[in-house]
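Undergrad: One structure, pasted below without further comment.
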Amino acid sequence: MPSSTLPEWYKELRAVRLPLKTGVARLTGVGFLSGRKVCTPRDPMCSYKDSNIRVMEAFHPLYESKASSHSQDDYWNFIFHSACWDILCDRVLLDVTPSAVNDLARLLGELFLCTTWSRDGYIEPGHDFGGVAKFRQPFSYPLDEMIDAGFPWAAFAPSKLVSKEIFSSIAGGEILSPGEVVELRNTTGHDVFCRLPMDIIHSLLAFLPSSGDIRNLRLASRPVALVTRTSLQLPQTFWRCRFSSDADMGFALPLDADRGFTDWRSLYFSIRHGLRKQQIPDDLKNRKVIWDIVGIYAPLLRLHLRGLSLHGIPALTSLAQSRFLPAGDIITTKTMTTYSELLHVGSRLIFTRSLLPKLAEGEVCAFGISTITFTSRIYVSGLRVVYSSGSDSSTSIDHSLGYVMSSIDTLIRLPAYNFCGLELATCVDGIVGMRVLLDDGYHSAWVGNNGQGQPGVEFGVLSVKKNRSFNFVAGFDHFKMVALAVKFGGIED
244 MPSSTLPEWY KELRAVRLPL KTGVARLTGV GFLSGRKVCT PRDPMCSYKD
294 SNIRVMEAFH PLYESKASSH SQDDYWNFIF HSACWDILCD RVLLDVTPSA
344 VNDLARLLGE LFLCTTWSRD GYIEPGHDFG GVAKFRQPFS YPLDEMIDAG
394 FPWAAFAPSK LVSKEIFSSI AGGEILSPGE VVELRNTTGH DVFCRLPMDI
444 IHSLLAFLPS SGDIRNLRLA SRPVALVTRT SLQLPQTFWR CRFSSDADMG
494 FALPLDADRG FTDWRSLYFS IRHGLRKQQI PDDLKNRKVI WDIVGIYAPL
544 LRLHLRGLSL HGIPALTSLA QSRFLPAGDI ITTKTMTTYS ELLHVGSRLI
594 FTRSLLPKLA EGEVCAFGIS TITFTSRIYV SGLRVVYSSG SDSSTSIDHS
644 LGYVMSSIDT LIRLPAYNFC GLELATCVDG IVGMRVLLDD GYHSAWVGNN
694 GQGQPGVEFG VLSVKKNRSF NFVAGFDHFK MVALAVKFGG IED
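652 is the number that this note's numbering gives to position 409 of the sequence shown; each next residue is one higher, with no gaps.
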């Protein structure tokens, strides 16, 4: 067992175990560190504290070969605090069912596999873990160092509010006097919100995830600004929605509605005031830090849980470590094709997919470019090619390549017979931007990120040759595009 001086929550660990043979990750139960191994129940619904637990599995963190573990497969073992897993479920899952837990565990294992790691075995996800990443050093005691450096909240269990008594201990918020009742008149020239009933406007505001989104809408619409001049003009149902998992106070998860709590407005401003004055309980502050870190990944994980999957047909063309094709051109990042190494730089090439049809340059009439946010950066995740069908140019068909969904798709319509290629912006670990090139020298706007002159982003062009059929072949990891090629001829050529 770890030192008894450590907080109880800090000693309780889970793991996502990813076997290299099947590639399907699974979640363990709640366990602990014993020497250099982690001991956990196999069942994710169990804890080492359960009286009926007699046998637990023991394994080394990170990579473990079957020779050293006496198992039938090599494993990746990604370790994290059980409390952090609970927060991830609160933030991402609508219903914590066994199937949903299995899906989330699989995605988390794939996320760890495709993220870069330091040589010391620390994950490098593109953020600083709320300011405490600097304490990650080998052979050190990070929790003690964080407390000594002014982060005492890091030792407290990341707990949510569970009672009115805790609420009453938080510093009081600002008190606003009622504003005048505003009547909106349906006057010619006013924006569309003038025509909406007040309760509809309140419902629309409740769906916006952050206070910044609400502020932007108030700035854009005078009618909305008038009916929300003070917080007292908004109903308690609006303030209750601010505590949903995707809203700005979701980390607090204070009280279930069926417990009879009604003053959500006061609770909202009390917590906001406490955050500003550094007067909220340390356990709630620690929860907010972890909640914000999890929030970086929540949109991407939700997309995959809702059905975002890989489109295209398996391709015979190898894109690994190659910058030239016998009949085409390729743009690729620095890729790794083995599961048995931590990813220190670049990306992991796992899938190669091709569009179903072969195309001619005159057939393409639109491009849909999908993007996602991975490790705090925007990447291209897939393409949707829209092309005319037969002699009837008004009839179109589209095929998708990669991780494509309408909610993350930017559609670019093209003039007839004008498509001549794609320009890509790439960094070391993926394709971060893309635009469509036309044969008259024009091009579309960038979709994604073109680097804006920052170092570390390079550009390349994939050109389509006149009077030659072509196809797109792309390489992917579990979340994003890492290579793209244009191949002349057919799929099998």
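The beta-carbon is built from N, C-alpha and C at its ideal position, and this holds for glycine as well.
(1) Using C-beta distances below 6 Å, list every residue in its chain close to Lys528, excluding the 5 sequence neighbours before and after it, in chain order.
(2) How is the alpha helix (DSSP H) around Ser277 delimited, first residue to last?
(3) At the level of alpha carbons, what is the spacing between Gly694 and Ala668?
(4) From the DSSP output, read off the bridge partner residues of Arg656.
(5) Buried or exposed for Gly676, please, with buried defined as at least 16 other CB atoms from any protein chain shown within 10 angstroms of its CB.
(6) For a minimum of 3 consecutive residues, which ranges assigned as the beta strand (DSSP E) are wholly contained in the segment 673-720?
(7) What separation, rounded to the nearest whole angstrom, lies between the Cα atoms of Val707 and Lys577?
(8) Among Arg438, Ser712, Phe355, whose alpha-carbon lies nearest the alpha-carbon of Tyr540?
(9) Measure the C-alpha to C-alpha separation of Lys730 and Met648 and round it to an integer number of angstroms.
(10) Give the straight-line distance between the Cα atoms of Met441 and Ile390, rounded to the nearest whole angstrom.
(11) Measuring straight from C-alpha to C-alpha, what distance separates Gly362 and His547?
(12) Can you check the segment 252-317 for any alpha helix (DSSP H) of at least 4 residues that lies completely inside it and give the ranges in chain order?
(13) One question on the structure: do Cys608 and Val629 come within less than 7 Å of each other, judged by their Cβ atoms?
(14) Give the DSSP-derived three-state secondary structure of Lys601 in the structure shown.
(15) When we look at the beta-carbon of Asp506 and count the other beta-carbons within 10 Å, is it buried (16 or more) or exposed?
(16) Using three-state DSSP, classify Asn529 as helix, strand or coil.
(17) Between the Cα of Ser325 and those of Glu307, Thr283, Arg297, Glu584, spot the shortest distance and give me the residue it belongs to.
(18) For Val467, tell me which candidate among Leu448, Asp489, Arg485 has the shortest Cα-Cα distance.
(19) Residues in the same chain with beta-carbon distance under 6 Å from Pro262, minus the five sequence neighbours each way, listed in chain order, please.
(20) What did DSSP end up calling Leu427 once you bin it into helix, strand or coil?
(21) Go through its chain and collect everything with a Cβ distance to Asp720's Cβ below 6 Å, but skip five positions before and after it.
(22) Going by alpha carbons, who is nearest to Ser488 out of Gly538, Leu386, Leu462?
(23) Distance, Cα to Cα, Val725 vs Ile674?
TA: So, from the data block:
(1) Within the sequence shown, the letter at position 285 stands for residue 528. Take Lys528, set aside five residues on each side of it, and the residues of its chain with a beta-carbon closer than 6 Å to its own are Trp396, in chain order.
(2) Position 34 of the sequence shown, counted from the first residue, corresponds to residue 277. Careful: Ser277 lies outside any alpha helix (DSSP H), inside the beta strand (DSSP E) at 275-277.
(3) Translated into positions along the sequence shown, residue 694 becomes position 451. Translated into positions along the sequence shown, residue 668 becomes position 425. Their Cα atoms are separated by approximately 8 Å.
(4) Working through the sequence shown from its first residue, we reach residue 656 at position 413. The partner list for Arg656 (beta bridge, DSSP) reads Ala609.
(5) On the sequence shown, residue 676 is found 433 positions in, with the first residue counted as 1. Buried is the call here.
(6) As far as the segment 673-720 is concerned, its whole beta strand (DSSP E) runs of at least 3 residues are 673-681, 701-706, 713-719.
(7) Residue 707 sits at position 464 when you count from the first residue of the sequence shown. Residue 577 sits at position 334 when you count from the first residue of the sequence shown. Spanning the alpha carbons of Val707 and Lys577 requires a straight line of approximately 24 Å.
(8) In the sequence shown, counting from the first residue as 1, residue 540 sits at position 297. With distances taken between Cα atoms, Tyr540 lies closest to Phe355.
(9) On the sequence shown, residue 730 is found 487 positions in, with the first residue counted as 1. On the sequence shown, residue 648 is found 405 positions in, with the first residue counted as 1. About 24 Å.
(10) Counting from 1 along the sequence shown, the entry for residue 441 is found at position 198. Counting from 1 along the sequence shown, the entry for residue 390 is found at position 147. If I take the Cα positions, the gap works out to 49 Å.
(11) Your numbering for residue 362 matches position 119 in the sequence shown. Your numbering for residue 547 matches position 304 in the sequence shown. Looking at the sequence provided, one finds Arg at residue 362 rather than Gly. Cα to Cα, Arg362 sits roughly 30 Å from His547.
(12) Within the segment 252-317, the alpha helix (DSSP H) runs of at least 4 residues that lie entirely inside it are, in chain order, 309-312.
(13) As a first step, residue 608 is located in the sequence shown; it is residue number 365 there, counting from the start. As a first step, residue 629 is located in the sequence shown; it is residue number 386 there, counting from the start. In contact: Cys608 and Val629 (Cβ atoms closer than 7 Å).
(14) Indexing the sequence shown from 1 puts residue 601 at position 358. Coil, per DSSP.
(15) For the purposes of this step, residue 506 is taken as the residue at position 263 of the sequence shown. Burial call: exposed.
(16) Counted from its first residue, the sequence shown places residue 529 at position 286. In the structure shown, Asn529 sits in a helix (DSSP, three-state: H, G or I).
(17) For the purposes of this step, residue 325 is taken as residue 82 along the sequence shown, with counting starting at 1. For Ser325, the nearest C-alpha among the options comes from Thr283.
(18) Locating residue 467 in the sequence shown gives position 224, where the first residue counts as 1. Val467 has its Cα closest to that of Leu448, out of Leu448, Asp489, Arg485.
(19) By one-based count along the sequence shown, residue 262 stands at place 19. So the list reads Asp316, Tyr318, once near-sequence residues are dropped.
(20) Stepping through the sequence shown from its first residue, residue 427 is reached at position 184. Any answer about Leu427 is weak, because its pLDDT of 45 lies below 50 and its placement is not dependable; what the coordinates show is given next. Three-state result, Leu427: coil.
(21) Along the sequence shown, one-based indexing puts residue 720 at 477. Cβ within range, chain order: Cys357, Ser590, Arg591, Ile593.
(22) Taking the sequence shown and counting its residues from 1, the one referred to as residue 488 is at position 245. Ser488 has its Cα closest to that of Gly538, out of Gly538, Leu386, Leu462.
(23) As a working mapping, residue 725 is identified with position 482 in the sequence shown. As a working mapping, residue 674 is identified with position 431 in the sequence shown. If you draw a straight line from the Cα of Val725 to the Cα of Ile674, it comes to about 6 Å.
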